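*Asks:* In the order they appear, the protein sequences are chains A and B. The first sequence begins at 1 in my numbering and counts up one residue at a time. The second sequence begins at 1001 in my numbering and counts up one residue at a time.
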Amino acid sequence: MSKTYKIIYYILLTAILAWLLPWLYNLATLKRERTPFALYSEIIGDFAMINVNQNEKDLRYTDRKGNFYTEMQFDSILPMFYYRQLVTDNRLPDTVQGVPITAPKIRRENFIFRSRPADINVHNPKLYPLLESRSKRVDLTMPDDVFRLTKNGIEFIDMESNRVNREKSALFQFVFRQKKVAFPIQTIAGNPTNRKEYDEGYLFTDNEGKLFHLKRMQGRPFLRPIPIDAEIDIAQIWVTEFSNRKYFGFLTDVNNNFYALTAPDYKLIKVEIPPFNPKKENMTIFGNMFTWTVVQTDKTDEILTAIDAKTFTAIDSMAFSSPEKDKTGLASYLFPLQLSFTSTKDKFFYPRLKEFSYRALALNLVLLVVYIVLFRKTKFTATKLIKALAIAVLGVFAFIPALLMRG
Amino acid sequence: MIKAILYKEWIKTRYLFLLAAVILAAFTAYCQLRIGKVVSLRGAAHLWEILLSRDNTFYEPMRYVPLFSGVLLALFQLVPEMQQNRLKLCLHLPLPQNKIIGIMLGFGVSLLLALFVVTYLIIFLYLNPILAPELICRVMLTMLPWYVAGIAGYAFVAFAVLEPTWRRRLLNVLAGAAFIQIFYLSSYAEAYNQVIVWLLIITLALVGLSFLSVSRFKDGVQ
């Protein structure tokens, strides 16, 4: 028994070190990496960016051609973003690209859309509040019930009594059947909060991949099938609810194409950006009435695409690659693998191993020789052979426990 | 003989068992009072909204209580055994050494499990009329790692206390601290769902690490 537990303890210590040593190394060598803040300028027809130097004091306003701007000039070349400053300074132009603009119009048309993998890779309770979207009041109010989607239908649960509201469930179920919704529902998205201007309910795909729009209007169900190309297999949905009311939502398909579902005509239009995998990449869209600056960030690169807000076609693009992020560093020579349990990309806990680093094999061999030399006078046993093999593969993680447990 | 060993363990741990039960009950009651207050002041719908939109479960004050119970139980049960080498007497009983230690550890783990299961049941019974099953599951699955941490706390304190040398005892404490830390790495609701069953199995298996300490004790390692 104790022999078995000796090996179990050895494995446990090795695993702990495979987690803690790389963690400590990363903590000690952590560097803040910043890419310039960049937006597409409709005035200069190029990306305008703010470069921040190491001490974060010296801001340099520039563009890709190498022109430098003062802070005031920078406000002027990005009037749709810095319009409040321009209004304060009485410098807001009357027109941009020949289109008359005013501060309220810019405010209404501007939007910022953000998607992070950690918001998608998460366990959510499958209960959805359905707000009244045609409320006679100015402010939205949270409903007193939530719905759940079962294998065969929809069910409303009254929150105060914790009981299924059979009447309301039957009413919605009837509409779902009428519109030929195939259960179970595959993907559903909405923004169940009353901290927004208006409510567009939920967008969802059914078991046959058909797209629907669900709302509650004056207590009645509103369910509309949205015709989309049969070849598009929707993977992720976001209901946008921007103040410009131009879009119902954004969607991606299984091939990582990105679409906008326009309002009020329910047209699904592909946005011309590089493939976007919302489960792995961050996305921020700075949108205005002329262009969107779409920022996609993965592990190493930040890709910026300027999109025409009317046609959804690409105007321009650029990329910032971070050599630091891609750099393997000293860690790859020290640690053959790295164990971690959490990630910024999701809200799950599970063991994750970084790719095996062959660069660490040299150190592993050195440690193996040290181990053999240190224990050359002791009796050769199967346990010792296992430890030697472990050191050859796992290096420092297996070497330290071998020393600590030599007694 | 087994009965006698179990009685001896009960004598050592009965007051601590009572104390742990009171602490667990007090914290459970406190958390449930907080929930009751939200329901009475803002309505059950507000409670549902919080549980749906945040990682809050209302039982966060209980995070370290099971761990604390596990650590205390191991200390109360096993420190007396190591004082004046009383464990030696125990190991001379006409039963196999592993069986004696197995009974002692099994008693401790059973006591902890009994406390945790009862607390869990109380929480379930309290939430059942207020919340939908999806939300009850969310609360209980979020709390489960804290209870497994309680068993891990017991396992590693027993492992360290039964160890005869201070050098190895320190190593055991550090290994235990690192292992227990993994139960508190993520504070997101239901973060541990994918691995919690494995963590429970591994933790229960690690209770047996004490066999290693006892074997070293019997071998006279100084």
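Heads up, the beta-carbon is just placed ideally off N, CA and C, and yes, glycines get one too. Only a predicted model underlies this, so the values are computations on that prediction, with no experimental measurement involved.
Is DSSP giving residue 326/A helix, strand or coil here?
*Replies:* Taking the first residue of the first sequence as 1, we reach residue 326/A at position 326. Because the pLDDT of residue 326/A is 49, which lies under 50, any placement of that residue in the model is unreliable, and the number read from its coordinates should be weighed accordingly. Reduced to three states, the DSSP call for residue 326/A is helix.
*Asks:* So within the region 243-286 of chain A, which uninterrupted alpha helix (DSSP H) runs reach at least 4 residues, ignoring any that extend past its ends?
*Replies:* none
*Asks:* When the cut-off is 8 Å and only beta carbons count, does residue 141/A lie next to chain D?
*Replies:* Here the protein chains are A and B, and chain D is not one of them.
*Asks:* Once the 5 residues before and after residue 1005/B are set aside, which same chain residues still bring their CB inside 6 Å of it?
*Replies:* Taking the second sequence and counting its residues from 1, the one referred to as residue 1005/B is at position 5. Closer than 6 Å at Cβ, skipping near neighbours: 1103.
*Asks:* What is the DSSP secondary structure of residue 183/A, counted as helix, strand or coil?
*Replies:* If you number the first sequence from 1, residue 183/A lands on position 183. Coil, per DSSP.
*Asks:* Taking Cβ to Cβ, would you say residue 222/A is nearer than 8 Å to residue 238/A?
*Replies:* Numbered from its first residue, the first sequence carries residue 222/A at position 222. Numbered from its first residue, the first sequence carries residue 238/A at position 238. The answer is no: Cβ separation not under 8 Å.
*Asks:* Please list the segments of the beta strand (DSSP E) lying wholly inside the region 155-232 of chain A, counting only runs of 3 or more residues, in order along the chain.
*Replies:* You should have 187-190, 202-205, 211-217, 220-226.
*Asks:* Once you ignore the five residues that flank residue 1158/B on each side, which residues in its own chain have a CB closer than 6 Å to its CB?
*Replies:* Looking up residue 1158/B in the second sequence gives position 158. Within the same chain, residue 1158/B has close Cβ partners 1074, 1078, 1210.
*Asks:* For the beta strand (DSSP E) holding residue 236/A, just list the boundary residues, first then last.
*Replies:* Counting from 1 along the first sequence, the entry for residue 236/A is found at position 236. Residue 236/A -> beta strand (DSSP E) spans 234-239.
*Asks:* Alpha carbon to alpha carbon, what distance is there between residue 308/A and residue 206/A?
*Replies:* On the first sequence, position 206 is the one that residue 206/A refers to. On the first sequence, position 308 is the one that residue 308/A refers to. So the two alpha carbons sit approximately 31 Å from each other.
*Asks:* Using the three-state DSSP reduction, which class does residue 1192/B fall into: helix, strand or coil?
*Replies:* On the second sequence, position 192 is the one that residue 1192/B refers to. In the structure shown, the three-state DSSP call for residue 1192/B is coil.
*Asks:* So what's residue 346/A in DSSP terms, helix, strand or just coil?
*Replies:* In the first sequence, residue 346/A corresponds to position 346, counting from 1. Correct three-state label for residue 346/A: coil.
*Asks:* Please report the distance separating the alpha-carbon of residue 51/A from that of residue 296/A.
*Replies:* As a first step, residue 51/A is located in the first sequence; it is residue number 51 there, counting from the start. As a first step, residue 296/A is located in the first sequence; it is residue number 296 there, counting from the start. Approximately 18 Å, taken between the alpha carbons.
*Asks:* Go to residue 1097/B, then tell me how far its alpha helix (DSSP H) extends in each direction, as first and last residue.
*Replies:* For this step, residue 1097/B is matched to residue 97 along the second sequence. Counting along the chain, the alpha helix (DSSP H) containing residue 1097/B begins and ends at 1097-1127.
*Asks:* If you draw a straight line from the alpha carbon of residue 17/A to that of residue 138/A, how long is it in whole angstroms?
*Replies:* Here the question's residue 17/A lines up with position 17 in the first sequence. Here the question's residue 138/A lines up with position 138 in the first sequence. Computed Cα separation, rounded: 58 Å.
*Asks:* Determine, using beta carbons only, whether residue 1129/B comes closer than 8 Å to chain A.
*Replies:* As a position in the second sequence, residue 1129/B is number 129, starting the count at 1. When Cβ-Cβ separations below 8 Å define contact, residue 1129/B makes contact with chain A.
*Asks:* Give the list of continuous alpha helix (DSSP H) stretches no shorter than 4 residues that lie fully inside the region 1043-1085 of chain B.
*Replies:* 1044-1053, 1065-1082
*Asks:* So, for residue 225/A: in the same chain, excluding its five sequence neighbours on each side, which residues have a beta-carbon less than 7 Å away from its beta-carbon?
*Replies:* As a working note, residue 225/A is residue 225 in the first sequence. Around residue 225/A: 179, 210, 212.
*Asks:* Out of curiosity, what's the CA-to-CA distance linking residue 1107/B and residue 1206/B?
*Replies:* Taking the second sequence and counting its residues from 1, one reaches residue 1107/B at position 107. Taking the second sequence and counting its residues from 1, one reaches residue 1206/B at position 206. Distance between the alpha carbons of residue 1107/B and residue 1206/B: 15 Å.
*Asks:* Would you give the residue range spanned by the beta strand (DSSP E) that residue 39/A belongs to?
*Replies:* If you number the first sequence from 1, residue 39/A lands on position 39. 37-41 is the extent of the beta strand (DSSP E) around residue 39/A.
*Asks:* What residues are listed by DSSP as bridge partners for residue 296/A?
*Replies:* Walking along the first sequence from the start, residue 296/A turns up at place 296. The partner list for residue 296/A (beta bridge, DSSP) reads 283/A, 303/A.
*Asks:* Of all the options 289/A, 233/A, 314/A, which has the alpha carbon lying nearest to the alpha carbon of residue 271/A?
*Replies:* Indexing the first sequence from 1 puts residue 271/A at position 271. When each option's Cα is compared against that of residue 271/A, the closest is 314/A.
*Asks:* With H, G and I counted as helix, E and B as strand and the rest as coil, what does DSSP make of residue 60/A?
*Replies:* Against the first sequence, residue 60/A aligns to sequence position 60. Correct three-state label for residue 60/A: strand.
*Asks:* Between residue 406/A and chain B, is any beta-carbon pair separated by less than 8 Å?
*Replies:* Stepping through the first sequence from its first residue, residue 406/A is reached at position 406. So, not an interface residue.
*Asks:* Kindly list, in the order they appear in chain A, the residues whose Cβ is closer than 8 Å to that of residue 1134/B.
*Replies:* Residue 1134/B sits at position 134 when you count from the first residue of the second sequence. Under the 8 Å cutoff, chain A gives 125, 126, 127, 148.
*Asks:* Which of the residues in the region 1149-1173 of chain B, read from start to end, lie with their CB under 9 Å from any CB of chain A?
*Replies:* 1159, 1165, 1167, 1168, 1171, 1172
*Asks:* If we cut at 8 Å on Cβ distances, does residue 1201/B have a partner in chain A?
*Replies:* Along the second sequence, one-based indexing puts residue 1201/B at 201. Not closer than 8 Å to any Cβ of chain A, the Cβ of residue 1201/B fails to qualify, so no.
*Asks:* At a CB-CB cut-off below 7 Å, which residues of chain A make contact with residue 1138/B?
*Replies:* As a working note, residue 1138/B is residue 138 in the second sequence. Within chain A, the residues near residue 1138/B are 125.
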